[in-house]
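Colleague:
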Amino acid sequence: MNIDLQIRNEVVKAIEALYSIKTDSANVQTQMTRKEFEGDITVVVFPYVKMSKKGPEQTASEIGNYLVEKVEMIDRFNVVKGFLNLVISQDYWFGVFTQINQEEDFGLKNTTEDSELVMVEYSSPNTNKPLHLGHIRNNLLGFSIAEIMKTNGKKVVKTNIVNDRGIHICKSMYAWLQSGKNETPESANKKGDHLVGDYYVQFDKNYKVEVAELLAAGMTKEQAEAEAPSMKGARELLLKWEVHDPEVWKLWRTMNEWVYAGFDVTYKKLGVDFDKIYYESETYTVGRDEVMRGLNEGVFEKQEDGSVWANLEAEGLDRKILLRSDGTSVYMTQDIGTAKLRYQDYSIDQMIYVVGNEQNYHFQVLSILLDKLGYDWGKHLYHFSYGMVELPQGRMKSREGTVVDADDLIEGMIDVARKTSEELGKLDEYSNEEKEEIYRKIALGALKYFILKVDPKKTMMFNPEESIDFNGNTGPFIQYTYARVQSVLRKAAENGISHELLLEGLKADQKELELIKKLYNFPEVVADAANQYSPALIANYCYDLAKEFNQFYHEFSILKEEDVQKRSFRLNLAACTAKVINKGMLMLGIECPERM
RNA sequence: GGUCUUGUAGCUCAACUGGAUAGAGCAGCGGCCUUCUAAGCCGCAGGUUGUGGGUUCGAGCCCCGCCAAGAUCACCA
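Going by the numbering used here, the letters in the first sequence line up with residues -7 to 588, in that order.
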């Protein structure tokens, strides 16, 4: 049992014995003792002063005396105002440490047959342009939350819904047909997603020119936008697509394949993957059928023009369109179909959608609609809503060319890592392949950590010039502490220094106990991260641990310590720290190199 | 306009969900490589937590009012 809970239970007993009042351990407030005071766990006694009818200090002392007498692991206590600081015995911490040292999977819960199955949807790109910084935040959060769920003993299915159909891809197709001259990724020597994205940009450029010309010719804005030849061409392609025109489908398939090949490269570089991919082109008809069923059952309503609507005014929301007057489906229709298919394919206990907060309203509506269609799981969807990434100039706009391209960003990071590393010159005896692998790990560590350390709910700022650093509260700093431990372990092995842990009679320093306490916290942090859907908790914990270790490392010369027992203890402590850091970082999708 | 989110050091972010003197990093200034990796360590400086009220033993966190920024309310996805 967790020490915190044990102590809360004992406090309950203390209160009953001292003041004859029954309370519950859930009502007992404990916290880690702040560094400036002596102690490990602090009980907040303000809530009991009414029961004791005495001042806070006296109440705390009474409870403290009771606890020291009755509970073996509590050595002594001190009282500051209403805070009762308890000192846990060194032996208890040694016991904890032995456990951490022995358990290879410390902090990890095993998956069993009847573990909950969690499906995590993330990424969900449109197929008309390459991935950018916004997608990176999405992908990293999605991958990380899946890893965190796994660590908490859940079965996880990572999924991606590819928006492969719609006017957006038709725009790229139209521009390619107009001016592509049969260009392919091979002929252009360009990644497929970039090639298709370039045509999308070109479409928009042409379209703007056309609209401007039509406006000059006297049309209204609405007329001009509808009548622009490019837009008419794209719409025509969409209509042909809907009726499975073979030529259009062939082109559509080809261009999508180009894009997927490009995405695969980016996903691989980012280190994210999926267990099951859904395509909108395969799910949207399912959604349409569901909406028609809802219509027949009287859940939805049809307007005179043929469009189908859901009236959510009773839920305090608006009316929402589900099928256009021409019978084609909208975004929401597709999501209904995808959800239905997923629940058919898997026995999902929890569905998590990693989608930006701009779609909060969409998911609120989706949840209600699925419920109305008779799916009781509709209510239990979890929208993992994360904030936008902003640039110093403001929001990213693909059309204005202010996006930060994912591939460029990653390559740029690797260049900086290479340059920094070469200046430090610590890897000189490594082969080029080995070095490149380390640069890649460091670059991605920096990028991933930078993004994941921020509370997912919040809008975050990204300054391409300054944001990503390799010093301070960064991924590389944490990776570096890991590499240092590996170095110590290597040297110990070379010199035949024993790892055997002999704790009897050993007296631990404050720093050492501090590290053990931090390590002990790891499982709780992981559980919190899962409950709160927050990789940031893991990230900040890893930093805290690395920082603590660096101070420790600086203060003690582990291998120079003459006391054999002490040296081995510190060696093991370092190894445990590295183990936990590595586990934490892996949950963020960050690999720690053995050297750097 | 309705709904929702956010506002903490010059900048980027924390603060264990209502607890003790609000903490890190970057940037600035000053120390530390003959010692297990200096991508490090130590110190200095930097704050009326947007603002005004309220709730209580206690508020950055909860409630109300302002101020500011953003998102969203489409036969776009």
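Note that the Cβ used here is the ideal one computed from N, Cα and C, for glycine as well. All of these numbers come straight from a predicted model, not from anything done at the bench.
(1) To the nearest angstrom, how far is the alpha carbon of residue 243 from that of residue 204?
(2) State the CB to CB distance for the pair residue 460 and residue 405, rounded to an integer number of angstroms; the pair is presumed to be in contact (CB under 8 Å).
(3) Would the beta-carbon of residue 149 fall within 8 Å of that of residue 111?
(4) What runs of the alpha helix (DSSP H), each 4 residues or longer, lie entirely inside the stretch 191 to 229?
(5) If you run the structure through DSSP and keep just helix, strand and coil, what is residue 557?
(6) On the DSSP letters alone, give me the boundaries of the alpha helix (DSSP H) that residue 518 sits inside.
(7) Taking the CB atoms as reference points, tell me whether residue 255 and residue 123 lie closer together than 8 Å.
(8) Mind reading off the beta-carbon distance from residue 300 to residue 309? Whole number of angstroms is fine, and I expect it under 8 Å.
(9) Between which two residues does the beta strand (DSSP E) carrying residue 473 extend?
(10) Which residue from 584, 271, 28 puts its Cα closest to that of residue 476?
(11) Do you know how far the Cα of residue 579 is from the Cα of residue 500?
(12) Of all the options 516, 232, 21, which has the alpha carbon lying nearest to the alpha carbon of residue 74?
(13) What are the start and end residues of the beta strand (DSSP E) that includes residue 151?
(14) Mind checking which residues open and close the beta strand (DSSP E) that includes residue 535?
(15) Can you tell me whether residue 484 is buried or exposed? The criterion is at least 16 other CB atoms within 10 Å of its CB, across all chains shown.
(16) Considering only residues of the stretch 220 to 308, which uninterrupted beta strand (DSSP E) runs meet the minimum length of 3 residues and lie entirely inside it, listed in chain order?
(17) Please classify residue 451 as buried or exposed, where buried requires at least 16 other C-beta atoms within 10 Å of its C-beta.
(18) If you measure between the beta carbons of residue 34 and residue 102, is that distance less than 8 Å?
(19) Drop a sphere of 10 angstroms on the beta-carbon of residue 48, count the other beta-carbons inside from all chains shown, and report buried for 16 or more, exposed for fewer.
(20) Bridge partners for residue 345 per DSSP, in chain order?
(21) Using DSSP with H/G/I as helix, E/B as strand and the rest coil, what is residue 142?
(22) Under 8 Å, with one C-beta from each stretch per pair, do the stretch 355 to 367 and the stretch 379 to 395 reach the 3-pair mark?
(23) Select from 314, 480, 296 the residue whose C-alpha is nearest the C-alpha of residue 303.
(24) Determine which residues share a DSSP beta bridge with residue 124 and list them.
(25) Along the chain, where does the alpha helix (DSSP H) that runs through residue 324 open and close?
Modeller: Taking the definition as stated:
(1) 29 Å
(2) 6 Å
(3) yes
(4) 213 to 219
(5) helix
(6) 502 to 523
(7) yes
(8) 17 Å between Cβ atoms; not a contact.
(9) Careful: residue 473 lies outside any beta strand (DSSP E), inside the alpha helix (DSSP H) at 467 to 486.
(10) 584
(11) 31 Å
(12) 21
(13) 147 to 154
(14) First-last for residue 535: 527 to 547, but that is the alpha helix (DSSP H), not the beta strand (DSSP E).
(15) buried
(16) 268 to 271, 300 to 303
(17) exposed
(18) no
(19) buried
(20) 113, 375
(21) helix
(22) no
(23) 314
(24) 397
(25) 323 to 337
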